[in-house]
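Colleague: Read in order, the letters of the sequence shown are residues 653 to 875 in our numbering.
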Amino acid sequence: MIFDVDGVIADTEAVNARASIKVFEDLLGVKGVKREDFEAGLGRGAEEYVKAAAGVHGLELTEEQVKKATQLRQEYFLKILSEEPLPPFPGVLELMNEALQREDFRVAIATSSTPKKSRAVLNAAKVPYQKMVYVTGSEITRKKPDPELFLVAASRMGILPKNCVVFEDAPSGVQAAKAAGAKCIAVTNSTNAANLCEADLIYDSLEQIDLMTIIKLIGRNIY
Numbered sequence: 653m654i655f656d657v658d659g660v661i662a663d664t665e666a667v668n669a670r671a672s673i674k675v676f677e678d679l680l681g682v683k684g685v686k687r688e689d690f691e692a693g694l695g696r697g698a699e700e701y702v703k704a705a706a707g708v709h710g711l712e713l714t715e716e717q718v719k720k721a722t723q724l725r726q727e728y729f730l731k732i733l734s735e736e737p738l739p740p741f742p743g744v745l746e747l748m749n750e751a752l753q754r755e756d757f758r759v760a761i762a763t764s765s766t767p768k769k770s771r772a773v774l775n776a777a778k779v780p781y782q783k784m785v786y787v788t789g790s791e792i793t794r795k796k797p798d799p800e801l802f803l804v805a806a807s808r809m810g811i812l813p814k815n816c817v818v819f820e821d822a823p824s825g826v827q828a829a830k831a832a833g834a835k836c837i838a839v840t841n842s843t844n845a846a847n848l849c850e851a852d853l854i855y856d857s858l859e860q861i862d863l864m865t866i867i868k869l870i871g872r873n874i875y
């Protein structure tokens, strides 16, 4: 099992959007930016996230502006996280902990985010990531929808991609999972089901699934 972080483990997309909207106002002097303006950049890393909204508002950002915007975005994000609670989405910890107790399952965290930002989320949500394979965007060269992130996670778990299930909330993440040869379960935490249609299964909440769902999806026989 491979879990994305933002939008899958906790509602970080709302925090990401708040931090980014403030960056557009403070750094770029652009007001009226909305959460949905970032949707094309979901799951593709901080730079693409910022560029998505810039494109909506007709801005051509220089590399230096993008760099400054992503740095400031992380600062704002961490500040919000230090001041407000960030509970996990329902069902996430239960699913992880159940899998960690079984010898026939492996669990990984695979995120396009930086180590500092993703650890802050994982700690806030009380995810026992020290017991899992943990891969961040700083360790790969190609962002989603390229499958590199999930291929590295599968390799470190010692499991073939075809025997992995990736949990995603973004279209680019679903595309990356499928390109890796893995199965994908999408949750509609950040976008609607129509945008996640390439996933093998789509749910409104991880409360709706259990380990038997995973076993059936990858075609394993538990007996």
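All C-beta atoms in this analysis are idealised placements derived from N, C-alpha and C, irrespective of residue type, glycine included.
Taking the alpha helix (DSSP H) that K830 falls in, what are its first and last residues?
Modeller: Taking the sequence shown and counting its residues from 1, one reaches residue 830 at position 178. Note, K830: alpha helix (DSSP H), P823 to A832.
Colleague: Which word fits A846, buried or exposed, when buried means at least 16 other C-beta atoms lie within 10 angstroms of its C-beta?
Modeller: Residue numbering aside, residue 846 sits at position 194 when the sequence shown is read from its first letter. Classification for A846: exposed.
Colleague: Looking only at its chain, what residues have a beta carbon closer than 7 Å to the beta carbon of K720, apart from the 5 residues adjacent to it on each side?
Modeller: As a first step, residue 720 is located in the sequence shown; it is residue number 68 there, counting from the start. Contacts found: L679.
Colleague: The beta strand (DSSP E) spanning L733 covers which residue range?
Modeller: Translated into positions along the sequence shown, residue 733 becomes position 81. Going by DSSP, L733 is part of no beta strand (DSSP E) but of the alpha helix (DSSP H) stretching over E715 to E735.
Colleague: From I870 to A751, what does the alpha carbon distance come to, in whole angstroms?
Modeller: What you label residue 870 is simply residue 218 of the sequence shown in a count that begins at 1. What you label residue 751 is simply residue 99 of the sequence shown in a count that begins at 1. Whole-angstrom Cα-Cα distance: 15 Å.
Colleague: Label M653 either buried or exposed according to how many other C-beta atoms from any shown protein chain fall within 10 Å of its C-beta, with 16 as the threshold for buried.
Modeller: The residue labelled residue 653 in the question sits at position 1 within the sequence shown. When all chains shown are included, M653 counts as buried.
Colleague: Are the CB atoms of K796 and S770 nearer to each other than 9 Å?
Modeller: Here residue 796 refers to the residue found at position 144 when the sequence shown is read from its first residue. Here residue 770 refers to the residue found at position 118 when the sequence shown is read from its first residue. Cβ distance not < 9 Å, so K796 and S770 don't count as in contact.
Colleague: So the alpha helix (DSSP H) K674 belongs to, where does it begin and stop?
Modeller: Residue mapping note: residue 674 aligns to position 22 of the sequence shown, counting from 1. Unbroken alpha helix (DSSP H) run through K674: T664 to D678.
Colleague: Report the three-state DSSP secondary structure of E820 (helix, strand or coil).
Modeller: On the sequence shown, residue 820 is found 168 positions in, with the first residue counted as 1. Here DSSP, grouped into helix, strand and coil, assigns E820 to strand.
Colleague: How big is the Cα-Cα spacing for L848 and V818?
Modeller: By one-based count along the sequence shown, residue 848 stands at place 196. By one-based count along the sequence shown, residue 818 stands at place 166. Their backbone Cα atoms lie some 13 Å apart in a straight line.
Colleague: Under 9 Å, do Y728 and I761 count as touching if we go by C-beta distance?
Modeller: To locate residue 728, count along the sequence shown from 1; it is residue 76. To locate residue 761, count along the sequence shown from 1; it is residue 109. No, they are not a contact pair.
Colleague: In whole angstroms, give me the CA-to-CA distance for N873 and I854.
Modeller: For the purposes of this step, residue 873 is taken as residue 221 along the sequence shown, with counting starting at 1. For the purposes of this step, residue 854 is taken as residue 202 along the sequence shown, with counting starting at 1. In this predicted model, N873 has a pLDDT of only 40, less than 50, meaning its place in the structure is not dependable enough to derive any value.
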